[in-house]
Amino acid sequence: MILINLSLLFLFIGVISFGGGFAMIPVIEAEVTKRGWLTTSEYTDIIAVAGMAPGSIASNSATLVGYHVAGVPGAIVSSIAITFPSLILILLIAVSFNKINQSPLFHSIFYGLRPIVTGLILFAAIKFAISNGLIASTFSWQMVILLSIFALSLFVLLYYKAHPVLVILASGIVGAVIFS
Amino acid sequence: MKWKLLFELFVVFFKIGPISFGGGYAMIPLIEREIIDKKKWIRSEEVSEVFAIAGTAPGAIAVNAAIFIGYRLAGFLGALAAMIGVLLPTTAIVMLLGSLYFLFKDNALVEGAFLGIRAAVVGLITYAGIKVARTSIIDKPTFILFFLILLSLLFLHLNPILAIFIGALAGILTMTAKKKIQQKREEKTHFQNKQIREISK
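Line by line, the protein sequences give chains X and R.
Heads up: the first sequence at position 115 corresponds to 122 in the numbering used here, and the numbers run straight through without jumps.
Heads up: the second sequence at position 200 corresponds to 205 in the numbering used here, and the numbers run straight through without jumps.
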């Protein structure tokens, strides 16, 4: 039963995951916390682990949610479910791409979808910042350190094109040294 | 012969899969080397089409590109072979990392490390948002749409799935409105031109 729930959820998310994986972070978060499978904080760690591995962040986090909820079978089912819609839709698009690409309706839909994708990604960033203590109502030194790690990460990603895995590893070392 | 091609597709994407860190575009140079130069499966002019289609369909660019190239070469089975090839190593690696995390997450050192990592993840997501914003927020309507959706997500607890459908609908409505305004403008200038012509007569 839990495997069916997992595959239905990720099949649906696979269909709507336009614009790469990052916009799916808040979508998956809303669904898994609603079902009581994970807390937002646990889900942030899943995103962190998903970002350390190769592959898309959406399908990696689906795999990890599945693994957390139902072990290896859950991981396999979720990974296949989130990718399967791509297989079918690519085959459909491949047949008539020129027609689709010239249709004004298609361009109108994407014109509206792209700003939503941006909104969803930044919403995920703000939500994670609140749930992980980067934004809090009371001042603490921990918050200052976390905000510095955030700012430094963003800076090296934007201006030095630093590799995301490197950023995660470096912040992990800093965290282990300071917080344990 | 066909089985050999399917196996080759699987192997090539099995090799490319683990290198596709942080989204699919890092894969483009690898695809160029393995699939255009070495295997000569597609021509270099076709790469832009491959990634246009891969970016249009929902899902990860890297996986979509693999599916499309597999389909081009060997139909549905080719698409399947390429998809499994690109998925298998990444899923295995992510499961291995995940099981390590679940095993050691209560260790004091790991707990401390993840406090730092969570802050970096927020940075990573913000970075992805800024990158997408550069190509998606291009005029006033897209900025307004972005701003309203972000506010509704934050303060009205709008369901993210609903937000996606609202976006598609808003896109259609805005484009129709833009066209109507343009049409009216054209009619107006047409009418003015006519008047000028009549006066000059």
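Backbone N, C-alpha and C fix where the C-beta goes; we use that ideal spot for every residue, glycine too.
(message) Quick check for students: name the residue ranges of the alpha helix (DSSP H) that lie wholly in the segment 39 to 65 of chain R, counting only runs of 4 or more.
(response) Along the length of the segment 39 to 65 of chain R, whole alpha helix (DSSP H) runs at least 4 residues long occupy 52 to 61, reported in chain order.
(request) Please go through the same chain and pick out, in chain order, the residues whose beta-carbon is closer than 7 Å to the beta-carbon of residue 152 of chain X, but skip the five residues on each side of it. (result) Apart from the 5 residues on each side of it in sequence, residue 152 of chain X sits with its Cβ closer than 7 Å to the Cβ of 185 in its chain, given in chain order.
(message) Less than 7 Å separating the Cβ of residue 193 of chain R from some heavy atom of the ligand SAH?
(response) What this structure holds is no ligand at all, so the ligand SAH is not there to describe.
(message) Using the three-state DSSP reduction, which class does residue 147 of chain X fall into: helix, strand or coil?
(response) Residue 147 of chain X: coil per DSSP, three-state reduction.
(message) Give me, in chain order, the residues of the same chain whose beta-carbon lies closer than 7 Å to that of residue 169 of chain X; leave out the 5 immediate sequence neighbours on both sides.
(response) Hits under 7 Å: 163.
(message) Is there a C-beta anywhere in chain R that falls below 8 Å from the one on residue 59 of chain X?
(response) It does; some Cβ of chain R falls within 8 Å.
(message) So residue 141 of chain X and residue 154 of chain X are supposed to be a Cβ contact under 8 Å. How far apart are they, rounded?
(response) Yes, residue 141 of chain X and residue 154 of chain X are in contact; Cβ-Cβ is about 6 Å, under 8 Å.
(request) Whole angstroms is fine: what's the gap from residue 21 of chain R's alpha carbon to residue 93 of chain R's? (result) In this model, residue 21 of chain R and residue 93 of chain R are separated by some 11 Å (Cα to Cα).
(request) Find the residues of chain R that neighbour residue 74 of chain X, judging by a C-beta separation of less than 9 Å, and give them in chain order. (result) Going along chain R in sequence order, the residues near residue 74 of chain X (Cβ under 9 Å) are 99, 100, 103, 104, 107.
(message) Under 8 Å, Cβ to Cβ, is there at least one residue of chain R near residue 157 of chain X?
(response) It does; some Cβ of chain R falls within 8 Å.
(message) Please list the terminal residues of the continuous alpha helix (DSSP H) segment that includes residue 114 of chain X.
(response) Run containing residue 114 of chain X: 111 to 138, per the alpha helix (DSSP H) assignment.
(message) Classify residue 79 of chain X: buried if its beta carbon has 16 or more other beta carbons within 10 angstroms, exposed otherwise.
(response) The residue is exposed, with fewer than 16 neighbouring Cβ atoms inside 10 Å.
(message) I'd like to check one pair, residue 120 of chain R with residue 182 of chain X: are the Cβ atoms closer than 8 Å?
(response) Yes, the pair counts as a contact, with Cβ atoms nearer than the cut-off.
(request) Please classify residue 164 of chain R: does DSSP put it in a helix, a strand, or coil? (result) Looking at residue 164 of chain R - three-state DSSP - the assignment turns out to be coil, as it is neither helix nor strand.
(request) To the nearest angstrom, report how far apart residue 65 of chain X and residue 49 of chain R are at their CA atoms. (result) Looking at the two C-alpha atoms, the distance is approximately 29 Å.
(message) Measuring only the C-alpha atoms, how far is residue 161 of chain X from residue 167 of chain X?
(response) Looking at the two C-alpha atoms, the distance is approximately 10 Å.
(request) Write down the C-beta distance between residue 135 of chain X and residue 127 of chain R rounded to the nearest angstrom, noting that I regard them as a contact closer than 8 Å. (result) Indeed they touch by this definition, with Cβ atoms about 5 Å apart.
(message) Here's a check: name, in chain order, each residue in its chain whose Cβ is nearer than 7 Å to the Cβ of residue 132 of chain X, leaving out the five neighbours to either side.
(response) Cβ-Cβ distances below 7 Å link residue 132 of chain X to nothing in the same chain once the five nearest sequence neighbours on each side are left out.
(message) Contact criterion: CB-CB distance below 8 Å. Does residue 15 of chain X meet it with respect to chain R?
(response) No - not a single Cβ of chain R is within 8 Å of the one on residue 15 of chain X.
(request) Using a Cβ-Cβ cut-off of less than 7 Å, give me the residues of the segment 124 to 151 of chain X that come near chain R, in sequence order. (result) Those residues of the segment 124 to 151 of chain X that come within reach of chain R (Cβ to Cβ, closer than 7 Å) are 124, 125, 126, 127, 128, 129, 130, 131, 132, 133, 135, 136, 139, 141.
(request) With residue 9 of chain R as the anchor, note down where its alpha helix (DSSP H) starts and where it stops. (result) For residue 9 of chain R, the enclosing alpha helix (DSSP H) begins and ends at 7 to 21.
(message) DSSP three-state label for residue 111 of chain R, please.
(response) The answer is coil: DSSP assigns residue 111 of chain R none of H, G, I, E or B.
(request) Just tell me which of R/8, R/187, R/54 has its CA closest to the CA of residue 81 of chain R. (result) Sorting R/8, R/187, R/54 by C-alpha distance to the C-alpha of residue 81 of chain R places R/8 at the top.
(message) Would residue 84 of chain R and residue 18 of chain X be called neighbours here (beta carbons separated by less than 8 Å)?
(response) No, these two residues do not count as a Cβ contact at 8 Å.
(message) Between which two residues does the alpha helix (DSSP H) holding residue 75 of chain X run?
(response) Where residue 75 of chain X is concerned, the enclosing alpha helix (DSSP H) stretches over 64 to 102.
(request) Measuring only between beta-carbons, confirm whether residue 175 of chain X sits less than 8 Å from chain R. (result) The C-beta of residue 175 of chain X comes closer than 8 Å to at least one C-beta of chain R.
(message) What does the alpha-carbon distance come out to for the pair residue 43 of chain X and residue 9 of chain X?
(response) Annotation: residue 43 of chain X to residue 9 of chain X spans about 12 Å, alpha carbon to alpha carbon.
(message) Considering Cα atoms alone, identify which of R/19, R/10, R/24, R/17 is closest to residue 171 of chain X.
(response) R/24 is the residue among R/19, R/10, R/24, R/17 whose C-alpha sits nearest the C-alpha of residue 171 of chain X.
(request) Anything in the segment 44 to 64 of chain R with a Cβ closer than 7 Å to a Cβ of chain X? List those residues in chain order, please. (result) So the list reads 58, 61, 62, 63, 64, given in the order they occur along the chain.
(request) With distances taken Cα to Cα, identify the nearest neighbour of residue 75 of chain X among X/54, X/118, X/114. (result) Closest by alpha carbon: X/54.
(message) With a threshold of 8 Å between beta carbons, is residue 42 of chain X in contact with chain A?
(response) The structure shown contains no chain A; its protein chains are X and R.
(message) Helix, strand or coil for residue 48 of chain X? Go by DSSP, reduced to three states.
(response) Three-state result, residue 48 of chain X: helix.
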